[in-house]
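Numbered according to full-length UniProt numbering, the sequence shown terminates at residue 308, and the numbering increases by one at each position without gaps.
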Amino acid sequence: MSALCRLIQRGLLSGRPSCRLFAGQQDVCCGVAPLVRAASSSSPVSLTYDVFDGKGESTPLVFLHGLFGSKSNFHSIAKSLVQRTGRKVLTVDARNHGNSPHSPVLTYEAMTSDLKHLLAQLRIEKCVLIGHSMGGKTAMTTALMQPGLVERLVVVDISPAQTTARTSFYQYIQAMQDVKISVDIPRSTARRMAEDQLRSLVKEHSVRQFLLTNLVEQNGHYAWRVNLEAISAHLDDIMSFPNFDAAYEGPTLFLGGASSAYISSEDYPEIQRLFPNADIQYIPDASHWIHADKPLDFISSISSFLQS
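Pasting the structure below:
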């Protein structure tokens, strides 16, 4: 089974937030952002995000999505955690994903810089950082580079090790780059046309549906909102992990899917070296996409960790 197929087995969580944003921030809960907003390769980008406003004063939760994902992947989870914990919850679009700006650079150091910039803008001095897959590696990098920003860390079905199955990702990128869609046609027709063209290289229906969440329309023209060129150029960086000597000493939870191979016993020594206060747990009958497979178990695990 391909890496992205495991990542998507049960599809996406949906729903739009009813949120109150921080003062001075653009409302990103409604409307469609510009398809491409270029950013300097040497500076952090201004990430788009959604806020689910809790009434409590505890440290906010910040969710980071995986490759080809977006902040909407965690909307349903965010709503539930606001209700259960009372905490403010943010879901964030990574650079080159969702409505965040595009940049030719896509490394974990750059994504950490983006997140640090966002937290400073929002005057968030500490957060509980929760990252899935690529977002989990960004979360780990942030905790190791900026430990003062991270009160607690949750890494969802990924480890600080090389991620395998690169070949399939290159095929998906190539398939998306090859898609050609007529202008001024209904969105439903455009989606069918795109899926038909993806089918030759992307065999799994669930993977095609996930990739199609990135198809957007603007003034009658259809395009991918993810920056395929940057993702392709940096796929080796995304699949690997930076080298660190220092450790993150804060409370850490590695939450794996029992049916996924992304966190294996071979990874335990490196996890222990970099995250000495880490607990490793697995959710039964969950694939790589844990929060879609077992949302209630996922929420309970996060809530228990926050109380521990």
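Every residue gets a Cβ at the ideal spot worked out from N, C-alpha and C, and that includes glycine.
Note that the coordinates shown come from a computational prediction; the quantities given were computed from them, not determined experimentally.
Asked: LEU64 vs ALA139 beta-carbon contact at 8 angstroms; Found: yes
Asked: Nearest-angstrom Cβ-Cβ length linking SER260 and SER287, presumed shorter than 8 angstroms; Found: 5 angstroms
Asked: Neighbourhood of LEU211 by C-beta, 7 angstroms cutoff - its chain only, sequence neighbours within 5 removed; Found: PHE68, TYR172, MET176, LEU198 and VAL202
Asked: For HIS221, three-class secondary structure by DSSP; Found: strand
Asked: Status (buried if at least 16 other CB within 10 Å, exposed otherwise) for TYR248; Found: buried
Asked: Backbone secondary structure at HIS75 - three-state DSSP; Found: helix
Asked: Nearest-angstrom Cα separation, counted from ALA94 out to residue 313; Found: The structure shown has nothing for residue 313, since the chain only spans 1 to 308.
Asked: Host beta strand (DSSP E) of TYR282 (start-end); Found: 278-283
Asked: DSSP three-state assignment for ILE130, whether helix, strand or coil; Found: strand
Asked: N- and C-terminal bounds of the alpha helix (DSSP H) containing TYR108; Found: 108-121
Asked: CB of ILE77 within 8 angstroms of CB of HIS291, strictly; Found: yes
Asked: SER206 beta carbon near the ligand FAD (any heavy atom closer than 7 angstroms); Found: The ligand FAD is not among the ligands present in this structure, which contains no ligands whatsoever.
Asked: Residue span of the beta strand (DSSP E) that contains GLU151, given as start and end; Found: 150-156
Asked: Coil, strand or helix - TYR49 by DSSP; Found: strand
Asked: Span of the beta strand (DSSP E), counted from its first residue to its last, around THR91; Found: 89-92
Asked: Continuous alpha helix (DSSP H) stretch holding LEU64: start and end; Found: Per DSSP, LEU64 belongs to no alpha helix (DSSP H); it is in the beta strand (DSSP E), 61-64.
Asked: Three-state secondary structure (DSSP) of THR138; Found: helix
Asked: Nearest-angstrom Cα separation, counted from THR142 out to VAL150; Found: 8 angstroms
Asked: 6 angstroms CB neighbourhood of residue 310 in its chain, flanking five on each side removed; Found: Because residue 310 is not part of the residues shown, which for the chain are 1 to 308, the question remains open.
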